[in-house]
Every structure is written in C-alpha cells, then in structure tokens.
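One structure below.
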Amino acid sequence: MKKNILNSLKQYFDPLFLFTSIFIITFGLLMLFSASTEIAYTNFNDPFYYIKKQIFFLIISFIFCISISHIRLSNIRKYSLILFIGSIIILLLLFIPELGKEVKGSRRWLKLYLFTIQPSELVKLTFLVWLCSFLSLQNEKIKKFEYYIIPFLYLLIPCTTILYFKDLGSIVIILFITLSLLWLANAKFFHILSTSFFGIFLIYVLIVFEPYRMKRMMTFLDPFADELDGGYQLSNSLTAIGDGGIFGKGLGGSSFKQFYLPEAHTDFIFAIIAEELGLFGSILMIFLFSILIYKCFNLGSKALKLNLKFQGYLSYGIGLYFGFQSLLHMYVNVGMSPTKGLTLPFFSAGGSSYIVSFISIYFVFKIYREVYLATINTKF
37 MKKNILNSLK
47 QYFDPLFLFT
57 SIFIITFGLL
67 MLFSASTEIA
77 YTNFNDPFYY
87 IKKQIFFLII
97 SFIFCISISH
107 IRLSNIRKYS
117 LILFIGSIII
127 LLLLFIPELG
137 KEVKGSRRWL
147 KLYLFTIQPS
157 ELVKLTFLVW
167 LCSFLSLQNE
177 KIKKFEYYII
187 PFLYLLIPCT
197 TILYFKDLGS
207 IVIILFITLS
217 LLWLANAKFF
227 HILSTSFFGI
237 FLIYVLIVFE
247 PYRMKRMMTF
257 LDPFADELDG
267 GYQLSNSLTA
277 IGDGGIFGKG
287 LGGSSFKQFY
297 LPEAHTDFIF
307 AIIAEELGLF
317 GSILMIFLFS
327 ILIYKCFNLG
337 SKALKLNLKF
347 QGYLSYGIGL
357 YFGFQSLLHM
367 YVNVGMSPTK
377 GLTLPFFSAG
387 GSSYIVSFIS
397 IYFVFKIYRE
407 VYLATINTKF
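Read in order, the letters of the sequence shown correspond to residues 37 to 416 in the numbering used here.
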C-alpha cells in the first residue's frame, strides 16, 4: 500500500528532493532566528523581526509559485528575453536617488513601500532562464564564436550596472554559471579558456585600481594583521568557526552574533552555524546542499537525454546557482575568498535572494514533472 502511494506521488515530485528542500528551508529559518535575535532586538526592539520577514517572504514565494503553476516551462522559455529585459530595467532604477537605497557604501537595493529588493538577484534568475532558452535553440551553433559571444554581449549592461554599484560577487557567480553552461552545451574549450583568462585579468584590474577592493584583498591575505579595521569581519568569522569546534556551542549559544561579527544574519551566517552546531552541523548543511545540487544535475542529465534541452540546461543551471552561491558564501566565511556580500540560500536574511531561491526550487519540480511525462511517453 505504502509503495503504491509512493509510486503515485513520484509522478509529481522526487521524494528525496522534496524532503531535502523542506529540511533546508526549515533548517535555514531555525538558524536565521538564532543568528538574528540580538541585532533584531537592538535595531527594531523585536527579536522576531528578521524571522517574521523571512516567513513572510516564504509565504509570498509559495503563493507566487502556486499562481504560476498553470504556466508551462515552454511559455516561460518563450518570454525569457522579456523577463530578462524587465529585470535589467528594474536594475537601472538604482540610478534614481529616490529609489536606490545605499547600505555601507553600496547602492544595491530598491526601496519599495514595505520592503527593499535587490535587483541583481532577479538578474541572476532571469538571465539564467534566458541563457538556457538561448542554448536550447542555438545548441548546434554554439561552437561558432559569433554565437558563443552572444550571452556575454547580453550581460554588458547588467554586469556594468552591478559593478558600478560595487557588487562584484554577483558578477562572479553569473559568469561562473554562464561558462559552465556553455561548456555543458559543447562550446569550444579554447573559447571557454580564453574567456576565463580574460575574466581573471579583468577581475585583477578591478581589484588593483579600486582602493576598497585592494584593501579587501590585503585583508583576505592576512585578516589578523588588521583585525580591528579591515580584517574585523573575517578575523571574527574565523574565530567563531574555530570556537565551534566539532560539536558546537549549541543552538543559540553563539557569542559572536552579539555584535562581534557584523552581518552575522546575512553574509556571515555560515560562521554562526559552525559556531553553534560545530563541524557536524556544518557538514550536515553542506550535505543537504550536495543532495539538492546532485538532484538538479541528475534531473538535467535525464532531460537532455530526452531532448528536453531547455529543461535540462535550466536544471543544471539551478544546481550551479545553488552550488556557486553557497560555496562562495562559505569560502568568504572561512577566509578562502575576499569578503563579498553574498548570501547563503535559504539561510541568510534577504527577501530577493529567498524568493529567487524558492522559485528556482519550484522550477526543478516543474522540470521533474515534464521529464516524468516525457519518459512515460517514450515507453509507449
């Protein structure tokens, strides 16, 4: 009986992917609450401020996904360019002083009536959807340089704008995903290699000729040499992780979230996870993301074998998004990458990142259903 129920449910979703998604979302809410109570009470006189906002964004994301559940992925692909252009227009609104919100020298957020949004997060998702559409339509031509270069030309305006507002981390993730998908689509290795070298050179130039980035690089190389100024965040992050040890201090037991570690509820939430839950808790979180990413890649492979190219590339792209975003967040926290404003999907406070991550999970469920139906049709 149970086996029949499970088999009937498998028509609509992968049970392991569903369980992992629910686990990550629940785990993320729990850790955000633990990491944010102190700063929430200090800034808003409400220890539940950030967790209430995150639950609000969870509900909004769920309602939005339900409202578009009748739309097929083929229609989303058809209008992917319009969605991408729309996100660029929203991004360009940051240039309007009355709309752009500046935080710590970076104007990355748009002020709306009740909350703010980060347009670069929307660009990540809409560009990914458009890129997968492009690759599915031009797959055979991607070996030619004139087709290979098109995605990078489309990125000129959004990436230049994102860079202007000092968000190099988002650009790095977008480029990583783009190059990975181009490689998956059988673009020439020489083209990918030359683009990678050019990108590395460009990042080097951006660091060397921008004082605040150069300072971050020096801090990254030796955070404890300037631990009261430029190295304050990273040195405290490393100390928090070290203090957690193998078993951690226990949920809610972090001392560094009490204003010793700035952005403990956003950019450095992994350090709080490691401090409170220790090595085992950190491994659990990494394991959950690994399952999520593996399932995305596995589904992408099945879709491509069934000639569902858009669905296949999109599933791979979502897996790459979760992989690069979470990996770079952890790299920053453990001192393996210079400090950037990168969130940890489903864990860090932030509505835009949360909604984009939730919609990405929803897309995977849609892809799974279409792959399942295509598999059944091929059998008959």
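Where a beta carbon is used, it is the ideal one built from N, C-alpha and C, also for glycine. A quick note: this is a predicted structure, and the numbers were derived from the prediction, not measured.
For residue i: DSSP bridge partner residues
{"i": "W145", "result": "K137"}
{"i": "T375", "result": "T375 is not bridged to any residue."}
{"i": "T152", "result": "K147"}
Continuous alpha helix (DSSP H) stretch holding residue i: start and end
{"i": "K89", "result": "85–103"}
{"i": "Q294", "result": "Premise fails: Q294 is in no alpha helix (DSSP H) and is neither H nor E."}
{"i": "V368", "result": "345–369"}
{"i": "A276", "result": "268–280"}
{"i": "A300", "result": "No alpha helix (DSSP H) contains A300, which DSSP labels as neither H nor E."}
{"i": "I60", "result": "51–80"}
{"i": "K114", "result": "109–114"}
{"i": "I319", "result": "305–341"}
{"i": "Y248", "result": "247–257"}
Residue j beta carbon less than 7 angstroms from that of residue i
{"i": "S326", "j": "A339", "result": "no"}
{"i": "T56", "j": "L324", "result": "yes"}
{"i": "R252", "j": "T375", "result": "yes"}
{"i": "Y184", "j": "A221", "result": "no"}
{"i": "I309", "j": "M67", "result": "yes"}
{"i": "P194", "j": "L127", "result": "yes"}
{"i": "F256", "j": "S271", "result": "no"}
{"i": "Y86", "j": "S72", "result": "yes"}
{"i": "T162", "j": "S123", "result": "yes"}
{"i": "I198", "j": "I209", "result": "no"}
{"i": "R144", "j": "F53", "result": "no"}
{"i": "I228", "j": "W219", "result": "yes"}
{"i": "G205", "j": "L320", "result": "no"}
{"i": "L171", "j": "Y349", "result": "yes"}
{"i": "L335", "j": "I403", "result": "yes"}
{"i": "E312", "j": "K285", "result": "yes"}
{"i": "Q269", "j": "P298", "result": "yes"}
{"i": "F383", "j": "G64", "result": "yes"}
{"i": "S70", "j": "L287", "result": "yes"}
{"i": "C168", "j": "G353", "result": "yes"}
Cβ separation of residue i and residue j, assumed to be a contact under 8 angstroms, to the nearest whole Å
{"i": "L356", "j": "S216", "result": "5 angstroms"}
{"i": "F93", "j": "I391", "result": "6 angstroms"}
{"i": "F292", "j": "A300", "result": "7 angstroms"}
{"i": "F401", "j": "L109", "result": "Incorrect: roughly 11 angstroms between the Cβ atoms, too far for contact."}
{"i": "L328", "j": "V407", "result": "About 17 angstroms separates the two Cβ atoms, so there is no contact after all."}
{"i": "D203", "j": "S156", "result": "5 angstroms"}
{"i": "S290", "j": "N369", "result": "That pair is no contact at about 13 angstroms."}
{"i": "V159", "j": "S116", "result": "With a Cβ gap of about 13 angstroms, V159 and S116 do not count as contacting."}
{"i": "P381", "j": "F358", "result": "6 angstroms"}
{"i": "S388", "j": "Q154", "result": "4 angstroms"}
{"i": "A385", "j": "Q90", "result": "6 angstroms"}
{"i": "Y77", "j": "R405", "result": "With a Cβ gap of about 43 angstroms, Y77 and R405 do not count as contacting."}
{"i": "E74", "j": "F295", "result": "7 angstroms"}
{"i": "G136", "j": "L150", "result": "Between L150 and G136 the Cβ distance is about 17 angstroms, and since that is not below 8 angstroms, they are no contact."}
Any non-hydrogen atom of the ligand MG within 6 angstroms of residue i CB
{"i": "H227", "result": "What this structure holds is no ligand at all, so the ligand MG is not there to describe."}
Neighbour flag for residue i against chain D, beta carbons, 7 angstroms
{"i": "T197", "result": "In summary, chain D is missing from the structure at hand, where a single protein chain is found."}
Entirely within the region 215–242 and at least 4 residues each: give me those alpha helix (DSSP H) ranges in chain order. none
As an exercise, report each continuous alpha helix (DSSP H) stretch of at least 4 residues that is fully enclosed by the region 159–221, in chain order. 181–184, 186–190, 192–200, 204–220
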